[in-house]
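Novice: Residue numbers (the numbering used here), protein chains in the order written: chain A, 18 to 255; chain B, 89 to 268.
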Amino acid sequence: MNDHGNRENDDVAEEKWTETLRDLARDYNQPPMIVPREAMWAAIVAGQRRGRPRILQISRRFAPLAAAAGIVLAVGIGIGRVTVSRSARTPSATNTAANSANSANSATPTAVPEAYAIATTQQLLEVQALLTAFDANNRQATGSAAGAKADAKADAHLALWARDLLSNTRLLLDSPAGADPHRRQLLEDLELVLVQIAALSPDAAASDRAAIAHTLDDAQVLPRIKAAIPTNQNQVGL
Amino acid sequence: MNDDALIDRVLAGDPAAQRALYDAHVDRVYRLAYRFAGDADLARDFTQDTFIKAFASLGAFKRQSSLSTWLHSIGVSVALNGLRSVRRLRERETTAVDEATIGAVRVGSEPDLKERLARAIDALPEGYRTVFVMHDVEGYTHEEIGVVLGIESGTSKAQLSRARAKLRTALADFAGEWIA
Numbered sequence: 018m019n020d021h022g023n024r025e026n027d028d029v030a031e032e033k034w035t036e037t038l039r040d041l042a043r044d045y046n047q048p049p050m051i052v053p054r055e056a057m058w059a060a061i062v063a064g065q066r067r068g069r070p071r072i073l074q075i076s077r078r079f080a081p082l083a084a085a086a087g088i089v090l091a092v093g094i095g096i097g098r099v100t101v102s103r104s105a106r107t108p109s110a111t112n113t114a115a116n117s118a119n120s121a122n123s124a125t126p127t128a129v130p131e132a133y134a135i136a137t138t139q140q141l142l143e144v145q146a147l148l149t150a151f152d153a154n155n156r157q158a159t160g161s162a163a164g165a166k167a168d169a170k171a172d173a174h175l176a177l178w179a180r181d182l183l184s185n186t187r188l189l190l191d192s193p194a195g196a197d198p199h200r201r202q203l204l205e206d207l208e209l210v211l212v213q214i215a216a217l218s219p220d221a222a223a224s225d226r227a228a229i230a231h232t233l234d235d236a237q238v239l240p241r242i243k244a245a246i247p248t249n250q251n252q253v254g255l
Numbered sequence: 089m090n091d092d093a094l095i096d097r098v099l100a101g102d103p104a105a106q107r108a109l110y111d112a113h114v115d116r117v118y119r120l121a122y123r124f125a126g127d128a129d130l131a132r133d134f135t136q137d138t139f140i141k142a143f144a145s146l147g148a149f150k151r152q153s154s155l156s157t158w159l160h161s162i163g164v165s166v167a168l169n170g171l172r173s174v175r176r177l178r179e180r181e182t183t184a185v186d187e188a189t190i191g192a193v194r195v196g197s198e199p200d201l202k203e204r205l206a207r208a209i210d211a212l213p214e215g216y217r218t219v220f221v222m223h224d225v226e227g228y229t230h231e232e233i234g235v236v237l238g239i240e241s242g243t244s245k246a247q248l249s250r251a252r253a254k255l256r257t258a259l260a261d262f263a264g265e266w267i268a
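1. Would you kindly work out how many angstroms separate the C-alpha atoms of arginine 204 (chain B) and threonine 218 (chain B), rounded to a whole number?
2. Taking only beta-carbon atoms, is glycine 333 (chain A) less than 8 Å away from chain B?
3. Which residues bound the alpha helix (DSSP H) around glycine 215 (chain B)?
4. Phenylalanine 151 (chain A): which of A:Gln202, A:Leu239 and A:Arg66 sits nearest, CA to CA?
5. My assumption, with CB atoms under 8 Å, is that leucine 204 (chain A) sits in contact with threonine 186 (chain A). Please give the rounded CB distance.
6. By a C-beta neighbour count over all protein chains shown, 10 Å radius and 16 as the cutoff for buried, is glutamate 55 (chain A) buried or exposed?
7. Can you tell me where the alpha helix (DSSP H) holding tyrosine 118 (chain B) begins and where it ends?
8. So leucine 38 (chain A) and arginine 172 (chain B) are supposed to be a Cβ contact under 8 Å. How far apart are they, rounded?
9. Taking only beta carbons into account, state which residues of the stretch 44-59 of chain A come closer than 9 Å to chain B, listed in chain order.
10. Does chain A have any CB closer than 8 Å to the CB of threonine 243 (chain B)?
11. So, does the CB of alanine 253 (chain B) fall closer than 8 Å to a CB anywhere in chain A?
12. Quick one: Cα of valine 98 (chain B) to Cα of asparagine 169 (chain B), how far?
13. Helix, strand or coil: how does DSSP classify glutamine 247 (chain B) here?
14. Chain A partners of phenylalanine 149 (chain B), CB-CB under 7 Å?
15. Quick one, which residues of the stretch 211-223 of chain B are near chain A if we go by CB-CB under 8 Å, in chain order?
16. Mind listing the chain A neighbours of glutamine 152 (chain B)? Cutoff is C-beta to C-beta under 7 Å, in chain order.
17. By how many angstroms is the C-alpha of arginine 256 (chain B) removed from the C-alpha of alanine 194 (chain A)?
18. What does glycine 101 (chain B) reach in chain A if we use C-beta pairs closer than 7 Å?
19. Does DSSP put arginine 43 (chain A) in a helix, a strand or coil?
20. Can you give me the C-alpha to C-alpha distance between arginine 180 (chain A) and isoleucine 162 (chain B), rounded to a whole angstrom?
21. What is the rounded straight-line gap between the Cα of phenylalanine 124 (chain B) and the Cα of leucine 155 (chain B)?
22. Among residues of its own chain, excluding the 5 on either side of glutamine 215 (chain A), which ones have a beta-carbon nearer than 7 Å to its beta-carbon?
23. Thinking alanine 206 (chain B) and alanine 258 (chain B) are a contact (beta carbons under 8 Å), I'd like their distance in whole angstroms, please.
24. Look up alanine 244 (chain A) in the DSSP assignment and say whether it is helix, strand or coil.
25. Quick check: glutamine 65 (chain A) and phenylalanine 143 (chain B), are their CB atoms within less than 8 Å of each other?
26. Am I right that tyrosine 122 (chain B) and proline 198 (chain A) are in contact with their C-beta atoms under 8 Å? What's the rounded C-beta distance?
27. In chain order, what residues of the same chain lie with their CB nearer than 7 Å to the CB of phenylalanine 139 (chain B), ignoring the 5 residues before and after it?
28. For glycine 126 (chain B), which residues in chain A fall below 7 Å Cβ to Cβ?
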């Protein structure tokens, strides 16, 4: 067969291959027949009412990560228990006062076991550090064009940090620490902010960071964290 | 009602117009999000975020392209960014899982052609996969893809050609059956 004939055969084969590929690819990630229009519309309306973009709930889908973080949290709670038992054996004046206060509180149904209170305070301190770093990074990014460029690496670092803290926050929400309504509300707000920061991509738009800053301001997150952290951390055995 | 009139009503704060805009475009946006994500929950998240972002920035829409193209640009950007986040989380998740378990899942009976193809499409570089899904799976033209992705239509054609070549290589052992 001559060159011309070979080329024609190749073209026919190529066309056939492309056609078959397209036929088979139609089944790739085949969407369902029914689009959940109403459910999505309800979420969109709710997102608009909140006045901020709806947050992707991606991280909720990664339970194994949360389980790994659970080990970290369990160690934290374990340390808390050891600290509590030690402080019970050698009571200081401060601890005695704090224990009296705790005893009074323990009569209420929402009292949090001390080990969980310690873990919560540790978590709040960590989140406070993250949010302060985010705030500084955001200010730098909005301050100058060079800052905006330098900030990509910082965003990636903050996103990783937020993911770690997010897992612990969710574990605390599911623990006795989440039983107290005020603490629960704070942890839920932290969860929201952490999800937003965890979803920051290195090339995040300024509007994404602005949305997070808006959430922080709107929910008064940092002042509430400060208020929730005991002034004298001996009160929670730290 | 044409797009311009609908946009004007939405910007004037008419909730019925907002819903009309949503109804007119949601199926195609969701469909594309699902093709990218392969997961109902993620597709929902991406579609919702697309419309929330679109309604929030509709005032900035210059009307130089069609509303549909503009919406799809937002949708593709939301989906690709979301999938990057998912991929990073999955990578971290995978390192936490026992390697032996992964091996057990992967080693099994020979997958059929469609499964192999799906896996090969998943493994394409992001740019190739995006163009391949939009053109060969969802039927967008190169011109539409160019506008949505902000690339030349020639670039779209080149990426599609490279995507097909990569798929052909990945599925070489099936190629005989395909074109027989």
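Ideal Cβ positions, reconstructed from N, Cα and C, are used throughout, including at glycine.
Specialist: In this structure, then:
1. 18 Å
2. Summary: the structure shown does not reach residue 333 (chain A), with chain A confined to residues 18 through 255, and so no result is reported for it.
3. 214-220
4. With distances taken between Cα atoms, phenylalanine 151 (chain A) lies closest to A:Leu239.
5. 6 Å
6. exposed
7. 103-125
8. Rounded, the Cβ-Cβ distance is 26 Å, inconsistent with contact.
9. Asp44, Tyr45, Asn46, Gln47, Pro48, Pro49, Val52, Pro53, Arg54, Ala56, Met57 and Trp58
10. no
11. No, alanine 253 (chain B) does not count as interfacial toward chain A.
12. 27 Å
13. helix
14. The premise fails here: phenylalanine 149 (chain B) is roughly 15 Å from chain A at the closest Cβ pair, so nothing lies under 7 Å.
15. Phe220 and Val221
16. Near glutamine 152 (chain B) there are no residues of chain A at all, since even the closest Cβ is about 20 Å away, more than 7 Å.
17. 55 Å
18. Those do not exist, as glycine 101 (chain B) stays about 12 Å from chain A at its closest Cβ, beyond 7 Å.
19. Three-state result, arginine 43 (chain A): coil.
20. 25 Å
21. 21 Å
22. For clarity, residue 215 (chain A) is alanine in the given sequence; the question names glutamine instead. So the list reads Ser76, Ala176, Ala179, Arg180 and Leu183, once near-sequence residues are dropped.
23. Actually they are not in contact, since the Cβ atoms of alanine 206 (chain B) and alanine 258 (chain B) sit about 11 Å apart, beyond 8 Å.
24. In the three-state reduction of the DSSP assignment, alanine 244 (chain A) falls in the helix class, which pools H, G and I.
25. yes
26. About 38 Å; that fails the 8 Å criterion.
27. Excluding positions up to five away in sequence, the list reads Tyr110.
28. Asn46
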